[in-house]
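K.L.:
Below you'll find the structure I mean.
Protein chains in written order, with my numbering: chain B, 1026 to 1516; chain L, 1026 to 1516.
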C-alpha cells in the first residue's frame, strides 16, 4: 500500500512506534522522553478531553488549576508518596541564566540558586492538600469535588510515545469528603465513569478491579483501576481512581468541624487518566494498514475523494459534493472534501486509511453518470456503490455500526484471551504461548507476587470487581486463596 | 455590605488584590509567585478559552502540544531571544531525589545531574522551530498554522494575581509562511482576532497598535498589540502578536523549497494571550461592591434567590421556580437557583454581588401572591418588579443590555482619559493628576523613550494602527516627530 508499515505479526512494538509517527499522532522531540503531540493526534485528544470533561461536570466536579511546582518539603510530607515518586523527579534548582564571563556562552547563574528546590509536579496531591487546608473548615465545605487538566513530569528511563513519556498530559481529580464511606463511593464512581468513557467512546472494553497492595498508588489505601487488553496480549492500565483515606489530610493537617462541632480529618480520593489512553486507542483497533479510529473520536469521520480528469470535471464533482458536505456538517458529522489537485486519489486513499478515517466516499465520472457514490468503511474495508439519495442515511448507519463493530471485535479478542489456569506450569505456558489475562489463584502475599513477577514478568493487573469467591490454592505456594486474580504482562 | 472590600478610591491596588481573593477567582499558593486558580475563576477562564479556541479554528489554526522543557542550547540559538528571557528562567538541573545518608531527609541526588540543563518554557519559539525543521520541506507544507494551550514560567521578582505570576496559563500561536507579506498579514489578523474577542466578549475596549523597538518581543521584527485602560488610569497590554521575520528559521535552519525548487528561509509569527486577561476583566468593570462580569463570560448569568419562611414556603416557591430554571437552561442561559437553607437571603445577595452575577431574581411571599419576580441588574443596581410571564424576555434583554452598557461605560472612561499634550511639563502634569493614555510627539529614539520612562515611569504603549500623520516636535528634545504616540503608566 506504499505505507511501509511494519506488520503487527512481525514486530508489534515496531508497528506501534511507526504507526504513531506515520499517522501524524506524535513524534519524539529534541528533549529526552518528551513528545510533540501533532495536530491530528491532538485533535483526537481534544475530543477525549471534551467528553471526559462533560462527564466530570455531570457528576458534580469543577475545574481549577494548581501550581506546576511543588516545594520539595511538601512532597516529603507523606512518607509512602515521596518514596513512590522520589526516583523520577525533575528538580528546579535555579531561576536565572547568564552570559559566562569566560566566554562559555549562556550558563546557569550560580548566584540564582533557590533556597528550597522545586519539583515539577509528578502528580498534585501534596500541593492541592496544602491548599485544601485553607478551603476546608466545616462540613458545609464538603464534599469538595475538583478536577485539573494539566501536564505532569515523571523522569522515566525508558519511554515510548503516549505509553510512557517524561512529560504527559492528564487530568487529575482531587476530592475531599466528610466520611470514609462517601470517599470510597467517589473513588468507585470515577472508576465507573472512566470505564463508561473508555468503552462507549474509545470502544475499548475494560475490566474493573482493585490493585494489590504493591501495585497501589503511592499514598493510597485502595486503588481502583480499569485494565484493557492490547492485540499483542499485553494489558494496559487505562485509568486509576484512588481512595486515599486520611493520609493527605493528616500530612497537611486538613480538618473539618462536623455537625457536632468536633474536628475530624478529611477523607480523600484522587483519580486520573492521561494521554496514555491514546496508546490504548491505537493498539486496540489499528491494523497493518494503519489506524482504525472509533467514529465517536475521529477528527474526520467522513472523507470525500474526487476522482477526476482535469479541473473542469473537478468543478462538476464539487457541485455535487458541496451540498452533501453542508448537509453532513449540519448533522454534526465531521467531513472533509479533499479536493487537493497536488495529490492523486490513490495517494489520498492511502493517507486516510493510514489515518483511520472511518468512512471514505469516492466519486468519479461513472458515479456522476449514475448518480452514485462509492462508500468504503475503514474497519472491514467493505465497499459499496450507493445512490446519492441514500448516502446520508448510509453514513449515519455506518458511523454507528463501525463504533459497535470495533468494540465487539475488541471484546471477542479479550474473551479469547482470558485463560483460567490450575498450575504455575500452565500459567507460564499460557503466558509464553498465548498471552492475555490469566486468571489464577494466589496466596495474597507480596512475596509470592514478587516471585511471579521476577520469574515471568507478569504482574497482577487487578482483583476484578465482580470476582467470584471460590476457595482454591495458590498456584505457586499451595497456600489457601479465596478467589482468582488476573495476571498479565503489561505496558 | 459586609464584604470588607477596600474602596477603589482608597487603594485601587489593594481593592484589586482583595477582590480577586474574596470573589473566589484565585489566591496565592505556597509556591512563590505561583497562583491557585479557584473553580469560580477557572470557570471564567474556560469560557474565554472556549471562545478564543473557536476563533482560532475559524481562522484555520489547529492545536498541538510541544514539550514543557527547552534545552538550554535551544534557548541560546536566537541571540536577542535568550537575552530577553535569560534573567527569568526556571532551570531543571537534576532528575532524582533520594534519602540523605546522614539523615537530613529527602535531598536532591547529586548523581542525577543532567548533562544539559532544561529550561521550563517561558515561551516556545525555540522548541517549536526546532520541530518545524522536520515538518517543513516544501511550499506545500506552508502555511503551518498551529496554536498551543499551555502553562509557561517566567521568574518574576514582583508578582500579582493574574497580572504577573511566575507560572501562568496562556495560548501561543506559532505560524510559518512562505512569504514576508503573508506572515505580516497573519500577525495583523491575530491582533484583530484578539481585539474582537476582548471587545465583544470581555467588553473591554482596546487600542490596536505596534510596539516601539525597545518594547518589542525578544526576537521580533514587529510586535502588534492591543492596549486596554484600567479604571485607575493605568494601561494594560492585553495581547501581542509578533512578526518574527526569518529570525527563528535562520536560528533553527528551517528552509522550504519554493515552487521553483529553490530553498528559502521560512517566515514566522507568534501570538499569545494569557490569564492576565482575567486581571483586565476584573479591573475594567468591577466596583466597590465586587466583580461586575460581562454576561458573555459569566459562569452564572442569572441567580434566583428565594425569600421564605419555613421549608413549606420554600417548596411552594421551588414549584414556581423550577419551570423557569428549565426554560432558561433550554435557551442556553446559565442559571442557578440558590435554595440553600444554611444561608439567609441577605448573605446570598451579598455573595452574588461580590461574584458579579449579572442578573439576580428574588421571589418572596408577596411575589407568590402577585405572580411576580424582583429582578436586579448587577451593573447599575436597578431593581424592578415584573410579572412572571415577562421574566424570560426581560432576562434576555438584560443579558444583552448589561454587556453593551459595561462596554459603553469602559469606552466612555477611556475617551475621557486620552489626553493630547503639547509639552513635557503638561505631560508630567496630566500623568500625575489624571493618568490615562497621553498622546504626545516623540522623536523616535530609544534614548528619549528611556529618559521619559526613567523620569516619569510612563512607557510608550503603542503607535496606534490608525495614527494620523501630523508633523510635530518631540516634547522632550524638540526634534522632529511624524506622529503622536500613546504613553501611559502600565501594569
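C-beta: ideal position from N, C-alpha, C; glycine also.
What does a CB cutoff of less than 8 Å around residue 1325 of chain B pick up in its chain, not counting 5 residues either side in sequence?
P.N.:
Excluding sequence neighbours, residue 1325 of chain B sits near 1359, 1360, 1361, 1377, 1380 and 1382.
K.L.:
Run down chain B in chain order and give the residues with a C-beta less than 7 Å from the C-beta of residue 1155 of chain L.
P.N.:
Here the neighbours are 1055.
K.L.:
At what residue ranges does the segment 1087-1122 of chain B contain a whole run of the beta strand (DSSP E), taking only runs of 3 or more?
P.N.:
The qualifying runs are 1094-1096 and 1116-1119.
K.L.:
Determine the chain B residues that contact residue 1171 of chain L at a beta-carbon separation under 8 Å, and present them in chain order.
P.N.:
Ordered by position in chain B, the residues that pass the 8 Å Cβ test against residue 1171 of chain L are 1064.
K.L.:
For the segment 1203-1217 of chain L against the segment 1442-1459 of chain L, do three or more pairs of beta-carbon atoms, one drawn from each stretch, fall closer than 8 Å, so that the two count as touching?
P.N.:
Not touching, per the Cβ criterion.
K.L.:
What residues match up with residue 1175 of chain B in a beta bridge as DSSP calls it?
P.N.:
Residue 1175 of chain B pairs with B/1195.
K.L.:
For residue 1190 of chain L versus residue 1308 of chain L, is the C-beta distance shorter than 8 Å?
P.N.:
It is not a contact, given that the beta carbons lie outside the stated cut-off.
K.L.:
Cβ closer than 7 Å: which chain B residues qualify as neighbours of residue 1112 of chain L?
P.N.:
In chain order: 1121.
K.L.:
Less than 6 Å between C-beta atoms, sequence neighbours within five positions excluded: which residues of the same chain meet that for residue 1370 of chain B?
P.N.:
Closer than 6 Å at Cβ, skipping near neighbours: 1330 and 1332.
K.L.:
Identify the contact partners of residue 1071 of chain B in chain L, using a Cβ-Cβ distance below 7 Å as the criterion.
P.N.:
Correct list: 1088.
K.L.:
Helix, strand or coil: which one does DSSP assign to residue 1242 of chain L?
P.N.:
Residue state, collapsed to three classes: coil.
K.L.:
Looking at chain L, is there any beta carbon in it that lies within less than 8 Å of the beta carbon of residue 1322 of chain B?
P.N.:
So no, residue 1322 of chain B is outside the interface.
K.L.:
Does residue 1421 of chain B come within less than 8 Å of chain L when only Cβ atoms are used?
P.N.:
Cβ-Cβ to chain L under 8 Å: no for residue 1421 of chain B.
K.L.:
Just tell me which of B/1097, B/1164 and B/1416 has its CA closest to the CA of residue 1142 of chain B.
P.N.:
Checking every option, the nearest Cα to that of residue 1142 of chain B belongs to B/1097.
K.L.:
Since residue 1201 of chain B sits in a beta bridge, which residues does DSSP pair it with?
P.N.:
Paired residues: B/1169 and B/1293.
K.L.:
Is the closest heavy atom of the ligand NAD to the C-beta of residue 1403 of chain L under 7 Å?
P.N.:
For the structure depicted, the ligand NAD is absent and the ligand set is empty, with no information on it obtainable.
K.L.:
Is the CB-CB distance between residue 1149 of chain B and residue 1094 of chain B below 8 Å?
P.N.:
Not in contact: residue 1149 of chain B and residue 1094 of chain B (Cβ atoms no closer than 8 Å).
K.L.:
Whose Cβ in chain B lies nearer than 8 Å to the Cβ of residue 1246 of chain L?
P.N.:
Within chain B, no residue comes near residue 1246 of chain L; the closest Cβ sits about 23 Å away, beyond 8 Å.
K.L.:
With a cut-off of 8 Å on the beta carbons, I'd call residue 1273 of chain L and residue 1244 of chain L a contact; round off their distance for me.
P.N.:
Residue 1273 of chain L to residue 1244 of chain L, Cβ: 7 Å. Contact.
K.L.:
Rounded to the nearest angstrom, what separates residue 1057 of chain B and residue 1155 of chain L at their Cα positions?
P.N.:
Straight-line Cα distance between these residues: approximately 14 Å.
K.L.:
Answer yes or no: do residue 1300 of chain B and residue 1194 of chain B have a C-beta to C-beta separation smaller than 8 Å?
P.N.:
Going by C-beta atoms, residue 1300 of chain B is nearer than 8 Å to residue 1194 of chain B.
K.L.:
Determine which residues of the segment 1351-1372 of chain L have a Cβ less than 8 Å from any Cβ of chain B, and write them out in chain order.
P.N.:
Residues 1367.
K.L.:
When you compare the CB positions of residue 1292 of chain L and residue 1270 of chain L, do they come within less than 8 Å of one another, or not?
P.N.:
Yes, Cβ-Cβ distance for residue 1292 of chain L and residue 1270 of chain L is below 8 Å.
K.L.:
Can you tell me whether residue 1505 of chain L is helix, strand or coil according to DSSP?
P.N.:
Three-state DSSP puts residue 1505 of chain L in a strand.
K.L.:
Who does residue 1342 of chain B pair with in a DSSP beta bridge?
P.N.:
Beta-bridge pairing links residue 1342 of chain B to no other residue.
K.L.:
Going by DSSP in three states, residue 1498 of chain L sits in which element: helix, strand or coil?
P.N.:
If DSSP states are grouped into helix, strand and coil, residue 1498 of chain L belongs with the strands.
K.L.:
Comparing alpha-carbon positions, which option in B/1164, B/1297, B/1214 and B/1062 lies nearest residue 1242 of chain B?
P.N.:
Ranking the options by Cα distance to residue 1242 of chain B, first place goes to B/1297.
K.L.:
Can you pull the chain L neighbours of residue 1130 of chain B, defined as C-beta to C-beta under 7 Å?
P.N.:
Within chain L, the residues near residue 1130 of chain B are 1101.
K.L.:
Classify residue 1392 of chain B as buried or exposed, calling it buried when 16 or more other Cβ atoms lie within 10 Å of its own Cβ.
P.N.:
Buried, since its Cβ has 16 or more Cβ neighbours within 10 Å.
K.L.:
According to DSSP, what are the bridge partners of residue 1262 of chain B?
P.N.:
Residue 1262 of chain B pairs with B/1252.
K.L.:
Does the beta carbon of residue 1126 of chain L come closer than 8 Å to any beta carbon on chain B?
P.N.:
By this cut-off, residue 1126 of chain L is not an interface position.
K.L.:
Alpha carbon to alpha carbon, how far is residue 1319 of chain B from residue 1240 of chain B? Give it in angstroms, no decimals.
P.N.:
In a straight line, the C-alpha of residue 1240 of chain B is about 31 Å away from that of residue 1319 of chain B.
K.L.:
With three or more beta-carbon pairs closer than 8 Å as the criterion, would you say the segment 1476-1489 of chain L touches the segment 1229-1237 of chain L?
P.N.:
With the cut-off at 8 Å, the segment 1476-1489 of chain L and the segment 1229-1237 of chain L touch.
K.L.:
Quick one: measure Cβ to Cβ for residue 1161 of chain L and residue 1268 of chain L, integer angstroms, because I've assumed they're closer than 8 Å.
P.N.:
At roughly 18 Å, the Cβ-Cβ gap does not stay under 8 Å, so residue 1161 of chain L and residue 1268 of chain L are not in contact.
K.L.:
From the DSSP secondary-structure annotation, give me the bridge partner or partners of residue 1299 of chain L.
P.N.:
Partner(s): L/1195.
K.L.:
So the candidates are L/1187, L/1322, L/1312 and L/1172; which of them puts its Cα closest to the Cα of residue 1034 of chain L?
P.N.:
Cα-wise, what sits closest to residue 1034 of chain L is L/1312.
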